[in-house]
Each structure stands twice: as structure tokens, then as C-alpha cells.
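Chains as they are written, first to last, in my numbering: chain F, 4 to 483; chain Y, 241 to 891. Each residue gets a CB set at the ideal place from its N, CA and C atoms; glycine is no exception.
So this is what it looks like as C-alpha cells:
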């Protein structure tokens, strides 16, 4: 009985696992117009988020459920990131089930949609809870497969189907890489368990291990959109419905980076120094290519694709640091990134409901809808890392983590690249603030939900920056 | 609760409060209220200063130093802490009285002078900021605080000189003043950094009690060269003096001061008497024991002062703009104060006569110079020009002004028993006792020149026939708000020397010195007679040239058909032109052009290239993104190969 009462930290996970079935099952008892699944989804995600906050942090080595499901501080905070992303994702998607946007038809089957997002979220949770390769791999796949379906949610949309095809084909190859890597890792260590793999690596290395590392990084490079595995991202981001793009850019990215964090600071910890050059190269090339690609885009979602490629590069920089610094920096940045990115996507979504999702549609926004233009500026400046917004502190911690192990060249390169990034983020702001309004653009209307979410997100972007103790609290939760 | 500490706070906070209230709230709306607030609060400040002074000098405590309050401002490292405090010793108490009193007088005067100005409120706000900055400077307990307020003085003078910013000449004069003093200040800051680094403290008490002996053996790496710490301190002392050099407008950094006449006359008055220019002299006086141990620094100071003294006096003899005459006379008087400090050094030993004389002269000069400027302002207010050409015959129309200006002019000329006599006499005595006979002779000569040009001004402005239509027609009157401060200032101009002499001789010594001090000094009772004789002679010449019945005033004022030498002097030895030439040809034409070319071609070229290059790379990334699935799948394979070979894994 003792252990049962101490198992309440597992409740959110179990709820999250049951949740998609409840949402989809509720469809059986109501007609397709009903708001019931939507209400259940809102209630469920928020309840899970609140429950997560009751799990005390700073619990040392973490706790185990049936000795194979580990919940540590990093895991709890990553769960929070994933749930926040899921909540914002379904809020963003709701409008797309009411009418079409950006030249795409209206979407249907909201319950299944929410279920898919919940499954993807659970996949992310599995990745951060895994203690062995099998669970780890399953988590990654649970997180990825719903994404394929989500991308093609608009069955009537040709572009969406094409994007999903590309995504699933490339994803399969990447999964193959991943499995190949895992098999070598197993071959090297003779065990699936992280702890034993770590011990095996600590005692000595062999080419087997390095082949495994190479393929694992290449495989996850696909999901994290690292150079040169990012090629699917712009097409898929462009082809998928806007809310799916947003979920892809946050949930999928967070899952992938969590995968790397678990891997690098778990089983591969003894050889972190040897794989540091690879990480640094991946980070440097990715953020550079992402920035270069974003320079000359005119479609908003394609632009966000490149921007998120670059952001992945920035996050990779933190992986070079010592475990606790890196984890705190990454978790904090993911929060900041989720909030800023969703803010941008909400704005683009509103634009997309009434206009095409291009730079040109932003023209004169500051005159037509000043508050939206302010929100856009906040989100762009935060993504660009301008103090005192949250993005600045997030990037600062990422770079600090990279610099604390002496990778000054990479950090300097990343900072220089930030200038490039500033250039294209400011182009967006210029469209909204400087360019003359275009009379042909249809006017924008905000629903109450949209307005509320945009205000809340803008405030949190500013507040996360202005109140650094919030980030300190994130740090305070750690005692690795 | 009225004790010295609260009074000390009052002295400071009143001007600051005036600045805040007038600057933020009242100034723009109600100019009368702004003036009333300025006069009241500055009055409180002046009263507090006088009370503190009386209490201090009457107590048995004087002339010791005390710190009334002190806050930690910036703790750099453990022992190097910048503090803001209030130091009380005879020098700072004297300066407090001078600054607050002059500031009060100038504020009262401004009520009349600025009555019709559209930005009267702003004027009163800035004037109070100016006196606040100077007050902070004089009570500084350490170099760091002094520098902060030193810069504040610079900023507020900039704002006030350029107060009439619609006049291009005022704008350029304010820029000139600011840039030139900032130029000197940068050396000051270097000096502070150097000295505080070597000594490990900003405090005057520490710096003033140094002796160079322990520093001889250690060396310090200055980046360009390695020198012993003792030499570094000497260098630091010269750098610090350079700050005062610019602020006090010593030759060749003097040109900003006459040009600063573009500001409203009350501003000139306060700049020349109490704030700003005496800051340089004050700095040297404050750090005198430090300068005294730093080998030949004082000799440099003496020569800079002496040369400026003669140089400015010669120029003043030819000018026609009354404010410029007064400006050059200030330069000359500052030269007196500066060289008196420098003249204290005899070989390795020092005497203290010069220090006493110099501080005494700061005190007396403040009153009569302030008064003279206010008088000049009154005259200008009546005839609407600065030019002596248009004055004359004002004696009967402005009797009070006439009497007061006679008092002040006699004071500056050093005629007994007016105040200037006592202080100037002490300065000349100091030069004699310091065995600096060349400087001594120059000082006597300048004393004659001073009398000459001041009486030239006096006779041309007040005597003779009116040369201005308005004056002839009788449209001249004395304004109460403007005449009152002039009359009040005439009292200290007359008496401050007589009454202050005892006080200064009793209390004013530069503190404990670490250099040998001569106590037995040669007496020279003939010096006052010689000085007065020369002054009276100069007065007679001035009378003969400009006021006697035979004098040809028209011819005296005619700038044409003069000798070449006169023209050179009249054009201030072409120093303004030289400055402009250097600035235009060398800095703007040479250095700036080269930098511009470097910027245009090299920097911008590189920039343009990198922008072009980045855009090309961006195009490359876009082109690769053609949407062709086999290519995409290929990247996966290629990626693995790339990181296999370039990933630096030990494969």
C-alpha cells in the first residue's frame, strides 16, 4: 500500500494516456456538431497541466514507476512544455474546424484531431520517461506517427497530402536510421537499459558505438530539422494546416530535443566530450542554413519553418554544456519558444482566416489593427532575442550553457547569426509597421478566444523576460 | 532638528528641488511661480550655507576637516569604493557660501533680465541644476564624486550657454564649450583612473597624504610603457590638472570662455564667478598637497596660469564687446589664481602663501566679477547691444549702477581698500616669496593692464557723450530686480577683502604637506605700494585716453587704420581662427575624411559584400528546396556521409 500512495506522480501520465480514448469515445454519444469533445479536451488538458504542477520538483534522481518509467525534474518540466503546446495547439486549431483558411477547406473530426495531438504529446512524455531503448524508440514513434496523420488532416487538400507523403517517406528512412543506431548500441553494450549502456560506454568505446551515435544523430536530425535533414520541414510546414504546423514546430521539436537530452546526458554521458564536435557542427550548420533560408521567404508558414530550423540550431548549442546547465537552459528556452512561436502562429492564423498567409498580407497592420501589430512585434522580437523580452533570456541561457564548456567559437557564430535572424524578423515587423496599407486586403476580425489568447501570450512573453525570477524558479527546481 | 547635517542637506537639496519642480512641473506653465520657487529655495540654500559657515568658523573645530554625510555609491572592489559625501573644511565651506550666495543673486537678477523670455521656467530650472552641480563638486570627498559633478557642471553649462538655441552662434558656442571641456575631461578621467589604480583609493584624504617615496621602487605597466609608480603618479597629477586646465579655460584651451558669452548674461555671470571656471582652480587647490609632492607639476601650473594671465589681459585691452572684455578679464584673474597655486613651489620645498592667496582671490573675485557681469547685463538690457560703440554717457541715467560698477572696477584693479587689493596683493607677494621673479614682474604688469582695460570699459560706457539713440532720447531706467543684486554685491566687492583677510590668514592652509615647508619668508612691504602705483598709473593713462576732455573717443573706438599689432591683438591673436583651421583642415579635412573613406569603401564594401554573399547563400538554400522527393531522400544519405567524414567522431 505504501508504494501505491506514493505513486500519485504517475496520475497525469495515466490520465494523458486515457484522455485521447475518452475524447474520441465521446463522439459515440453525440452528433458531429456537438462541442462536447472540445470541452472535454479543454478540461482534460488543463486538468493534467494543473496536476503536473503538483508534482514536487527537486526530487533528486527521479522516481520510478514499475522500475521502467522514470519521472525526474526534467521530465516533469518537459511534460509541462508539451501540455502547454497541446493546449495552445487545440485552441489554435478550433477556428479551422469552423471555417477554412488560407485557401484550404474547413477541417472535420475535431475529436480525432485532438486525440492525435494527445497521442503525440504522450509520445513526448514517453521519450522523457524512458529508461531503456525500446520504450525510448516507442515514444519517439508514438510522437511521430500522429504527426503524419495530422499533416494530411485536410483530405481534400492536395498540398497537404503531398506534404504528408514526403513526411512519412522521409520519416520512415529516419526511423530506419534510428533503429539501426539502436541495434548497434545494443550490440555494443549488450543491454537495452540506459544505466547498463552508460556503464558499458564508461568502461571503453569501440567503432560499434560511434556508428550507433552517428546514425542516432542522423535519425533524430530528421525530427529536429538539423542540417542537412531539414529538407522536409519547409514543404511540410507549408502544406500542413496552420495549427498542425504550429504543433509540429513546438511539440515535435520539443520531443526531438528531449530525446537528444535524454540520450546525451544519459547513456552517452561518458562520451559527451567526444561527440561535442559533432553537436557543435550540427548546431552551427543548422542555425546558419535556417537563417539563410528564412532570408528570402514570402510565405509566412514557410518563413516560420526556416525560423524554427534556426531555433533548433540555437537549442543544440546548449547541449554542449554541463548536464544541469544545459537541461535548465533547454527547458526554459522551450517554454519561451513555445509561447513566442504560438503567439506568432495565432497572429498568422488570424491573418490566414481573412487573407493569404504571406508577408504582403501584413502590410499596414499597425494602422488597421494596432494591437495585433504590437503582438506581432513582441513575438518577433522575442524570437529574435531582443532584451528585455523572454527570447533574449532564453537565448542567453542557451549560449551560456554552450560557453561554459568553452565552445566560444560556436557561441560567437551563433550570436553573429542572430544578427541575420534579426534581419528577417524585422522584415516582418517592417511589413506590419512601415509599409503602407493595401486597400485590397480584407479586414481582420478577432473572436473573443483569439483576442484573449493573444493578450495572454503577449503578456507572458513580456513577463517571462521582465520577471527573471520566473526563470530562476525553473532553475531552482533542479538539483542534479 | 536644525544642525549642521540637516543644513548640509538643505544646501544641496534646495537647488535640486528647484530643478526638479521647475523642470518637470512648474516651468512651462507659470514663469512667475518658477522664479519665485527658484529665488526662495536658493535663498534657503544660501542661508543654510551661511549658517554652516558661521557655525564652522566660530567653532573651535575649524580648520579641521569633517565629513557631514557619506553614502556608498559604487563599490568597485573591496577597498576602491566610490562614495558620495559632503566634506567640510575651510575651503569647501567658503565655496559653499560663494556658490549659494552668487546663485541667489543671479536668480534674483534673472527675474528682471529674463522677464520677457519665452522659456523663463526652463532657465530657472537649469540655473539651479548648475549651482547644484557645483555644490556637489565643492563638497566632494573623493575624486570620483568630483568627476561626476564636474561632468554635471559641464552638461548644465552646455545647456545654459546654448539656452537661446534658435541662435546659431549660441549653439556653436555651447558645443565648443562642451567639446573643449570634455576633451580636457577625458584626460582628467585618465588621471583619476591612473592615480586611483596606483593609490587604491579615490579619497582626497588618502591622495593628499601621499608621499612618493614608497612608490619609487614599484613599477606599473601602462600598456605603452613601463614606469615606476612614482612617475605614474606625477603623470596622473598632470592629467588631472589637464581637466582643470580646460575647465578653467587656461591657454590654449581658453577660446570657449569668451565665446560662451552667447548665453544669457546671468549665465555668464554665474559661470565666471562661482561655478564652472573656478572649478579648475578649486581642483588644484583641493589636491594641492598631492600636486606639491609630484615633482614639477606645480611649476607647469604656474606657467600655464601666468601666461594666460598676461595673454588674456593684453587681448582685453582692445576688445569692444563689454562681455568679452569681462570674459578676458576673468581669464586673466583665473591666471592669477592658478599661478599663485603653482608659485608655491620652490625647488623641492613649498610655501603656503600662494594657496591662501589663491583661495582668497577666488572668494573676492566671485563677488566683483559677478557684479560686473550683472552690470554689463543691465547696460546691454538698456542699449540692446554688447558694443562699447553704442554706449557712453550712461552715468547720469543709471546712478546706482554707476556707483556699483565703480566699486567693482576699483576692486578688480586692486586699489585699496577694495576687496581685490588684498587678494591680489597676496598673490603678488606669493610670487615674490617663491622667488619666481619673472612671474612676479608679469603679475605686476598685468595688474596695470587690468586697471587699464577695466577703466577703459568704465569710461567708454559711462562717461562722455551718449552714442546710442535710445540713451539720448532718455529711454533708460534701472530695473529694481536687476539693480538690487548689483547693489547687494557691491557690499562684498567693497568689504570682503578687508574683512576676509584675517579669516583667510588664520584658517586657510592647504593641510598637512608631505614636502618641506618654508616657514621663514622674506618680507616685502614695498610690494603693495608698487602694485597700487602701477594701477594708479594705468588708471591715469586710461583716463587720459578715454575720459579726459582732450580724449578723442571716436578715434579710440575706430577699429580701422590701426597698426598690425593692434589688429592681431584685437583678433585675439587669431586663436579662434587657428582652432577652426586645425579643426577644419586637420580633423574634419584630414582625419575625418580618411575615416570616412575607410568607412565608405572598406567597411561598407565589406558589409555590402557580406550582404550580397549571404543573399546568394540564401538563394542557394531556396534553390535546393525544390520539392523533389528523391533529392530530399538523397539528403538523408548524404547527411549521414557528411557527418561520417566531417563529424569528427573517432570512427
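Backbone CA spacing between residue i and residue j [nearest angstrom]
| i | j | result |
| --- | --- | --- |
| residue 171 of chain F | residue 390 of chain F | 39 Å |
| residue 730 of chain Y | residue 599 of chain Y | 20 Å |
| residue 507 of chain F | residue 407 of chain F | It is not possible to answer for residue 507 of chain F, since the shown part of chain F is limited to 4 through 483. |
| residue 669 of chain Y | residue 575 of chain Y | 15 Å |
| residue 480 of chain F | residue 76 of chain F | In this prediction, residue 480 of chain F has a pLDDT of 42, which is less than 50 and means its spatial position is unreliable; what the coordinates show is noted afterwards. Going from the Cα of residue 480 of chain F to the Cα of residue 76 of chain F covers about 7 Å. |
| residue 836 of chain Y | residue 829 of chain Y | 10 Å |
| residue 95 of chain F | residue 267 of chain Y | 53 Å |
| residue 893 of chain Y | residue 424 of chain Y | With chain Y running from 241 to 891 in the structure shown, residue 893 of chain Y is simply not present. |
| residue 553 of chain Y | residue 446 of chain Y | 38 Å |
| residue 335 of chain Y | residue 376 of chain Y | 11 Å |
| residue 428 of chain Y | residue 339 of chain Y | 23 Å |
| residue 762 of chain Y | residue 563 of chain Y | 39 Å |
| residue 643 of chain Y | residue 793 of chain Y | 22 Å |
| residue 660 of chain Y | residue 606 of chain Y | 10 Å |
| residue 825 of chain Y | residue 399 of chain Y | 28 Å |
| residue 330 of chain F | residue 340 of chain F | 15 Å |
| residue 510 of chain Y | residue 702 of chain Y | 24 Å |
| residue 772 of chain Y | residue 251 of chain Y | 39 Å |
Chain-order list of residues whose beta-carbon lies under 6 Å from that of residue i (same chain, five-residue window excluded)
| i | result |
| --- | --- |
| residue 349 of chain Y | 506, 614, 722 and 725 |
| residue 612 of chain Y | 566 and 648 |
| residue 337 of chain F | 84 and 257 |
| residue 850 of chain Y | none |
| residue 19 of chain F | 51 and 125 |
| residue 55 of chain F | 15, 82 and 83 |
| residue 551 of chain Y | 491 |
N-terminal and C-terminal residue of the alpha helix (DSSP H) that residue i is part of
| i | result |
| --- | --- |
| residue 320 of chain Y | Run containing residue 320 of chain Y: none; DSSP gives neither H nor E here. |
| residue 66 of chain F | Element bounds for residue 66 of chain F: not the alpha helix (DSSP H) but the beta strand (DSSP E), 66–68. |
| residue 288 of chain F | 275–298 |
| residue 305 of chain Y | Looking at the DSSP string, residue 305 of chain Y is not in any alpha helix (DSSP H), and its letter there is neither H nor E. |
| residue 244 of chain Y | 244–260 |
| residue 828 of chain Y | Element bounds for residue 828 of chain Y: n/a, residue is neither H nor E. |
| residue 351 of chain Y | 330–353 |
Cβ neighbours of residue i in the same chain (closer than 8 Å, five flanking residues each side left out)
| i | result |
| --- | --- |
| residue 195 of chain F | 135, 136, 137 and 189 |
| residue 309 of chain Y | 245, 248, 249, 325 and 326 |
| residue 468 of chain Y | 455, 456, 457, 458, 459 and 460 |
| residue 707 of chain Y | 629, 630, 631, 632 and 633 |
| residue 413 of chain F | 283, 286, 287, 320, 323 and 405 |
| residue 439 of chain F | 366 and 367 |
| residue 307 of chain F | 240, 248, 252, 344, 347, 348 and 351 |
Residue range of the beta strand (DSSP E) that includes residue i
| i | result |
| --- | --- |
| residue 812 of chain Y | Counting along the chain, residue 812 of chain Y falls outside any beta strand (DSSP E), and DSSP gives it neither H nor E. |
| residue 741 of chain Y | Note, residue 741 of chain Y: premise wrong, no beta strand (DSSP E); alpha helix (DSSP H) at 720–747. |
| residue 513 of chain Y | Residue 513 of chain Y -> not in any beta strand (DSSP E); alpha helix (DSSP H) instead, spanning 505–513. |
| residue 16 of chain F | Unbroken run through residue 16 of chain F is the alpha helix (DSSP H), 14–29; no beta strand (DSSP E). |
Contact set between the segment 847–871 of chain Y and chain F, restricted to residues whose Cβ is under 8 Å from the partner: 854, 855, 857, 858, 859, 860, 861, 862, 864, 865, 867, 869 and 871
Residues within the segment 129–157 of chain F neighbouring chain Y, beta-carbon criterion of under 9 Å: none
Contact residues within the segment 176–190 of chain F, judged by C-beta distance below 9 Å to chain Y: Look at the segment 176–190 of chain F: the residues with a C-beta under 9 Å from a C-beta of chain Y are 176, 177 and 180.
Using a beta-carbon distance cut-off of less than 7 Å, what residues from the segment 282–296 of chain F approach chain Y? Of all residues in the segment 282–296 of chain F, the ones placed with a Cβ closer than 7 Å to any Cβ belonging to chain Y are 284, 292, 295 and 296, in chain order.
Using a Cβ-Cβ cut-off of less than 7 Å, give me the residues of the segment 295–327 of chain F that come near chain Y, in sequence order. Shown in chain order are the members of the segment 295–327 of chain F whose Cβ falls below 7 Å from a Cβ of chain Y: 295, 296, 298 and 299.
Using a Cβ-Cβ cutoff of 9 Å, what residues of the segment 225–236 of chain F are near chain Y? List them in chain order. 225, 229, 230, 231, 232, 233, 234 and 235
Quick one, which residues of the segment 431–446 of chain F are near chain Y if we go by CB-CB under 8 Å, in chain order? none
Where the segment 186–216 of chain F meets chain Y: residues whose CB sits under 9 Å from a CB there: Of all residues in the segment 186–216 of chain F, only 208, 210, 213, 214 and 216 place a beta-carbon less than 9 Å from a beta-carbon of chain Y.
Where the segment 520–554 of chain Y meets chain F: residues whose CB sits under 8 Å from a CB there: Correct list: empty, as no residue qualifies.
May I have a chain-ordered list of the alpha helix (DSSP H) segments no shorter than 4 residues that lie completely inside the segment 125–183 of chain F? 136–154
Of all the alpha helix (DSSP H) runs that stay within the bounds of the segment 425–509 of chain Y, which reach a length of 4 or more residues? 444–448, 469–487 and 496–499
Can you give me, in chain order, the residues of the segment 873–886 of chain Y that have a beta carbon less than 8 Å from any beta carbon in chain F? 873, 875, 876, 878, 879, 880, 882, 883, 884 and 886
Contacting positions in the segment 234–253 of chain F - beta carbon closer than 9 Å to chain Y: The segment 234–253 of chain F vs chain Y, Cβ under 9 Å: 234, 235, 237 and 238.
Please name the residues in the segment 368–401 of chain Y whose beta-carbon is closer than 9 Å to at least one beta-carbon of chain F, in chain order. none
Of the residues that make up the segment 390–420 of chain F, which ones have a beta carbon closer than 7 Å to any beta carbon in chain Y? For the segment 390–420 of chain F, there are no residues whose beta carbon sits under 7 Å from a beta carbon of chain Y.
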